[in-house]
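Numbering (my numbering), first residue to last: 1 to 185.
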């Protein structure tokens, strides 16, 4: 009986274009449908704290705000630095990082380091991995001379012609191919 009644309601809804709400198992149980049981009222609250099911947070939990707890030192170790500290000079670093040399400032072109003291040489992969472009950024000085030296260096190392694109106003050079490791050393 309940299946027939539900299918008739669905058939009527399709023909009339109106929607009707069927409560779960209301017809199966043979219960009378009252106006309050036919519509399910739900109220959306602005946030969790305004819900009547939850008491106020201050009433639920007893807590105390402490300005300088001793545990804060453990949290401070995990936070990023406000400013990057200066590099302490060593003979060699375990990661293979090389600090900038003073002689580099006298060259006709100069690549400024990032705020983390790294060289700004990146690999851009586009077209689902089919196009790879190595980019050298933050170039100051004679960018065209640097472009010629990069082309010559890569041509001698890989024994083939390398295409480059120079953006003089942006201060960067793009090299067609994955040459990031070769350009960093």
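Positions of the beta carbon are idealized from the N, C-alpha and C atoms, including for glycine.
Range covered by the alpha helix (DSSP H) that runs through residue 157:
In the chain shown, counting from the first residue as 1, residue 157 sits at position 157. Residue 157 -> alpha helix (DSSP H) spans 143–158.
Just checking my contact of residue 142 with residue 108 at CB under 8 Å: how many whole Å lie between their CB atoms?
Along the chain shown, read from residue 1 onward, the residue named residue 142 stands at position 142. Along the chain shown, read from residue 1 onward, the residue named residue 108 stands at position 108. Residue 142 to residue 108, Cβ: 4 Å. Contact.
Would you check if the distance between the CB atom of residue 138 and the CB atom of residue 179 is smaller than 9 Å?
Position 138 of the chain shown, counted from the first residue, corresponds to residue 138. Position 179 of the chain shown, counted from the first residue, corresponds to residue 179. For residue 138 and residue 179, no; Cβs fall outside 9 Å.
Over the uninterrupted beta strand (DSSP E) stretch that includes residue 183, give me the two end residues.
Locating residue 183 in the chain shown gives position 183, where the first residue counts as 1. Premise fails: residue 183 lies in the alpha helix (DSSP H), 180–184, not in any beta strand (DSSP E).
Backbone secondary structure at residue 126 - three-state DSSP
For the purposes of this step, residue 126 is identified with residue 126 of the chain shown, where counting begins at 1. Under the three-state reduction of DSSP, residue 126 is assigned to strand.
Proximity below 9 Å, CB of residue 153 to CB of residue 182
For the purposes of this step, residue 153 is taken as residue 153 along the chain shown, with counting starting at 1. For the purposes of this step, residue 182 is taken as residue 182 along the chain shown, with counting starting at 1. Contact flag set, yes.
For residue 128, would you say it is in contact with chain C, using Cβ-to-Cβ distances shorter than 9 Å as the test?
Going by chain labels, chain C is absent from the structure shown, which holds only one protein chain.
Name, in chain order, the residues that DSSP records as bridge partners for residue 95.
Reading the chain shown from its first residue, position 95 is the one you call residue 95. In DSSP, residue 95 forms no bridge with anything.
Cβ-based burial, residue 130 [other Cβ within 10 Å; buried from 16]:
Here the question's residue 130 lines up with position 130 in the chain shown. Exposed, because fewer than 16 other Cβ atoms sit within 10 Å of the Cβ of residue 130.
Classify residue 73 as helix, strand or coil using the three-state DSSP reduction.
As a working note, residue 73 is residue 73 in the chain shown. Residue 73 falls in the helix class under three-state DSSP.
Can you check which of these residues, 96, 185 and 117, is closest to residue 83 by C-alpha distance?
Against the chain shown, residue 83 aligns to sequence position 83. Considering only alpha carbons, the answer is 117.
Between residue 203 and the rest of its own chain, which residues show a CB-CB distance below 7 Å, the 5 nearest in sequence each way excluded?
Lying outside 1 to 185, the shown extent of the chain, residue 203 is not represented and no answer is given.
For residue 140, which residues in the same chain have their Cβ closer than 8 Å to its Cβ, ignoring the five residues on either side in sequence?
For the purposes of this step, residue 140 is identified with residue 140 of the chain shown, where counting begins at 1. These residues qualify, in order along the chain: 109, 110, 111, 112 and 171.
Mind checking residue 119: buried by the 16 CB within 10 Å criterion, or exposed?
One-based indexing of the chain shown puts residue 119 at position 119. Flag for residue 119 reads buried.
Answer yes or no: do residue 87 and residue 99 have a C-beta to C-beta separation smaller than 9 Å?
Position 87 of the chain shown, counting from 1, holds the residue named residue 87. Position 99 of the chain shown, counting from 1, holds the residue named residue 99. Note that the C-beta distance between residue 87 and residue 99 is below 9 Å.
Rounding to the nearest angstrom, what Cα-Cα distance links residue 52 and residue 46 in this structure?
On the chain shown, residue 52 is found 52 positions in, with the first residue counted as 1. On the chain shown, residue 46 is found 46 positions in, with the first residue counted as 1. In a straight line, the C-alpha of residue 52 is about 12 Å away from that of residue 46.
Between 79, 177 and 167, which has its C-alpha nearest residue 158's C-alpha?
What you label residue 158 is simply residue 158 of the chain shown in a count that begins at 1. Cα-wise, what sits closest to residue 158 is 177.
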